[in-house]
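Undergrad: Using UniProt numbering, the first residue of the sequence shown is number 1, and each one after it goes up by one.
By construction, the Cβ of each residue, glycine as well, lies at the ideal position given by its N, Cα and C atoms.
Quick one: the structure is below, questions incoming.
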Amino acid sequence: MTGAPTAIAGGLVLAGWDAEPVPGTVLVAGDGTIDAVAYGPDARALAERAAEAVDASGAMVMPGLVNAHHHAYGNALRGTENDRPLEQWAPFTVAYGRHLDAETLRLAILLGAAEMLRGGVTAAIDHSPQVGLHETAFTAHRDSGLRVGYAPFFHDIHDHDFLGMALPAELRAFLEGPGFAAADFTEAMFRSLAEEAYSGDGRVAVLLGPNAPQRCSDVLLDLWVRLRDGLGLGVHTHLLETRAQRDGCRRVWPHGLVREMDRRGLLAPGLSVAHGVWLDPEERALLAERGVVVSHNPASNLMLGSGLAPLQGFRRAGVTVALGSDSANTGGAADLFEIMRLAMMLPRLGDGDWRGWLKPSEVLRMATEGGAAALGLAGRTGRIAPGWQADLAIVDVGGSAAVAAVPSVATLVQHGGPQHVRATMVGGSWAYRDGRILAFDEAAAIARFRDRIGAVMEAARRDVALVARNS
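Below, the structure written as structure tokens:
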């Protein structure tokens, strides 16, 4: 983007998780980065340098939030939740997901982006199983207004085989067809997507998206390393989400999956892992040593009964932690304010010493700079500082639902929500402002989605019934 400088003035500026909001002005350069930040008497002079001044009176200008684990296809499957744990929930999602066509996936991506932009989210990782529709997904993300790390799945080992689950023949046959994408297709897909991403404006990046290490054969694990190193791509994967996965991995690798990953050279900076609920202390320490980011998903861990992730253990080990909402049909709304509150409060149930409780500033760090690290954007987004990307949210702190005697990080985290977000800027461009999505026609996307989703659900009905009678 190249445009005129914009000043956001008259409000409070929260520079980052380790600051407190103070009156100031943010000057956004025409290239989409932050040119300058001024406070006190210097704030008015800075505003006068801009071609456009945006009034932020009664609001706080803060770094945009980052959703560091999301499955965008799930926006089409709201209402299909079935109150089962992950291993029993997954076949139902396969039954629905196989019937998502390109247009419905495109609309699901756009509507999920609208929800996040309205909630002050400026960036997200989409861990996507719809690899056959990768061009559609990439284009939709480019049109969404969000900053995105697009991470298409690859895997070639079924969960029921790895975990030794006894399935009825009818269900096994359903889950095992159609087959997985071959390694040569996977490699060609990532090379094509990487080339497209490199030729774009940089807002949509490509990440390798292995579904989970235990779901990948040696061939795919070797491909992981080759593409990571050869194309310079980051990696995003699931890791030890459930007790069943932990136990299954211990049977195959008595020394543990994480140590096996390290032996294979899979643990490296640029890797982010979702969940990590069942990591032991030594594994957590190893992730920290290797520079791996953990994306914590408290809402979906609760919905699926996967467990309480050892957030205090991550903290003690020095692991960089990000936050994610997971899929709309496992974690509910992509509301990072609510995710921050869950992340902050849930560990208190198991920690008797209140003096060690997580603070609001710590979970804000996870939702900003931690998420940026998961996206490979550490030092580029997640703070309001000169030279950083202008990925910003303007949050009302003067309305009746948000007013506080002294606006602070604590009041933002403990009381804020999407209903308080006035505007969201990504890379210097307004993507949401004054109640309207500006990146695309939201009303048209909603109308078209409503026209299509009934047919998708009807097409999936027979497969859903098959799964249900075998579950």
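#1: What are the partner residues of R436, as DSSP defines its beta bridges?
#2: May I have the straight-line CA-CA distance separating I155 from L208, to the nearest angstrom?
#3: Suppose only complete runs of 3+ residues qualify. What are the beta strand (DSSP E) ranges in the region 244-328, listed by chain order?
#4: Does the separation of the CB atoms of G234 and G376 fall below 8 Å?
#5: Given V293, which residues of its chain have a CB within under 8 Å of its CB, disregarding the five upstream and five downstream residues?
#6: Just checking, does the region 38-55 make contact with the region 80-88 on the three C-beta pairs under 8 Å criterion?
#7: In terms of alpha-carbon separation, which member of R142, S217, G164, A212 lies closest to S199?
#8: Output needed for M1: all residues of its chain with C-beta closer than 8 Å, excluding positions within five of it in sequence on either side, in chain order.
#9: Whose CA, out of E241, G132, R422, lies closest to the CA of A188?
#10: Hey, would you say A460 sits closer than 8 Å to H99, going by beta carbons?
#11: In angstroms with no decimal places, state the Cα-to-Cα distance between T424 and L12.
#12: Tell me the rounded alpha-carbon separation between H127 and R226.
#13: If you follow the alpha helix (DSSP H) that E369 is in, where does it begin and where does it stop?
#14: Rounded to whole angstroms, how far is the Cβ of T25 from the Cβ of A51, which I believe are closer than 8 Å?
#15: Which same chain residues, not among the five before or five after G307, have their C-beta less than 8 Å away from its C-beta?
#16: In this structure, how does DSSP classify G24 when only helix, strand and coil are distinguished?
#17: Suppose only complete runs of 3+ residues qualify. What are the beta strand (DSSP E) ranges in the region 48-119, listed by chain order?
#18: Could you have a look at H155 and say whether DSSP puts it in helix, strand or coil?
#19: Tell whether a beta-carbon distance below 8 Å holds between I384 and V28.
#20: Classify E362 as buried or exposed, calling it buried when 16 or more other Cβ atoms lie within 10 Å of its own Cβ.
#21: Quick check on the burial criterion: 16 or more other C-beta atoms within 10 angstroms. Buried or exposed for M303?
#22: Would you mind reading off the limits of the alpha helix (DSSP H) that contains V464?
TA: Concretely, from the data shown:
#1: Here residue 436 corresponds to residue number 436 of the sequence shown, with the count starting at 1. R433.
#2: Numbered from 1 along the sequence shown, position 155 holds the residue referred to as residue 155. Numbered from 1 along the sequence shown, position 208 holds the residue referred to as residue 208. Correcting the residue identity first, residue 155 is His in this sequence and not Ile. Computed Cα separation, rounded: 11 Å.
#3: 271-275, 293-296, 320-323
#4: The residue labelled residue 234 in the question sits at position 234 within the sequence shown. The residue labelled residue 376 in the question sits at position 376 within the sequence shown. Taking 8 Å as the Cβ cut-off, G234 and G376 qualify as a contacting pair.
#5: Working through the sequence shown from its first residue, we reach residue 293 at position 293. Closer than 8 Å at the Cβ level, and outside the excluded window around V293, lie A68, L271, S272, V273, V319, T320, V321, A322, G370, A373, A374.
#6: no
#7: Within the sequence shown, the letter at position 199 stands for residue 199. Per the Cα distances, R142.
#8: The residue given as residue 1 occupies position 1 in the sequence shown. Unreliable positioning characterises M1 in this predicted model, as indicated by a pLDDT of 45, which lies under 50. A coordinate reading is not provided.
#9: As a first step, residue 188 must be located in the sequence shown, where it is residue number 188. For the residues E241, G132, R422, the minimum Cα distance to A188 belongs to G132.
#10: What you label residue 460 is simply residue 460 of the sequence shown in a count that begins at 1. What you label residue 99 is simply residue 99 of the sequence shown in a count that begins at 1. In contact: A460 and H99 (Cβ atoms closer than 8 Å).
#11: For the purposes of this step, residue 424 is identified with residue 424 of the sequence shown, where counting begins at 1. For the purposes of this step, residue 12 is identified with residue 12 of the sequence shown, where counting begins at 1. Cα to Cα, T424 sits roughly 15 Å from L12.
#12: Translated into the one-based positions of the sequence shown, residue 127 becomes position 127. Translated into the one-based positions of the sequence shown, residue 226 becomes position 226. Cα to Cα, the separation comes out at about 20 Å.
#13: Along the sequence shown, read from residue 1 onward, the residue named residue 369 stands at position 369. Per DSSP, E369 belongs to no alpha helix (DSSP H) and is neither H nor E.
#14: By one-based count along the sequence shown, residue 25 stands at place 25. By one-based count along the sequence shown, residue 51 stands at place 51. Between A51 and T25 the Cβ distance is about 14 Å, and since that is not below 8 Å, they are no contact.
#15: Looking up residue 307 in the sequence shown gives position 307. T242, R243, V277, W278, N301, listed in sequence order.
#16: Here residue 24 refers to the residue found at position 24 when the sequence shown is read from its first residue. Of the three classes helix, strand and coil, the one that applies to G24 here is strand, per DSSP.
#17: 52-55, 59-63, 65-70
#18: Counted from its first residue, the sequence shown places residue 155 at position 155. Correct three-state label for H155: coil.
#19: Within the sequence shown, residue 384 is the residue found at index 384, counting from 1. Within the sequence shown, residue 28 is the residue found at index 28, counting from 1. Going by C-beta atoms, I384 is not nearer than 8 Å to V28.
#20: Walking along the sequence shown from the start, residue 362 turns up at place 362. E362 should be labelled buried.
#21: Locating residue 303 in the sequence shown gives position 303, where the first residue counts as 1. Result: buried.
#22: Against the sequence shown, residue 464 aligns to sequence position 464. Per DSSP, V464 belongs to the alpha helix (DSSP H) from 442-469.
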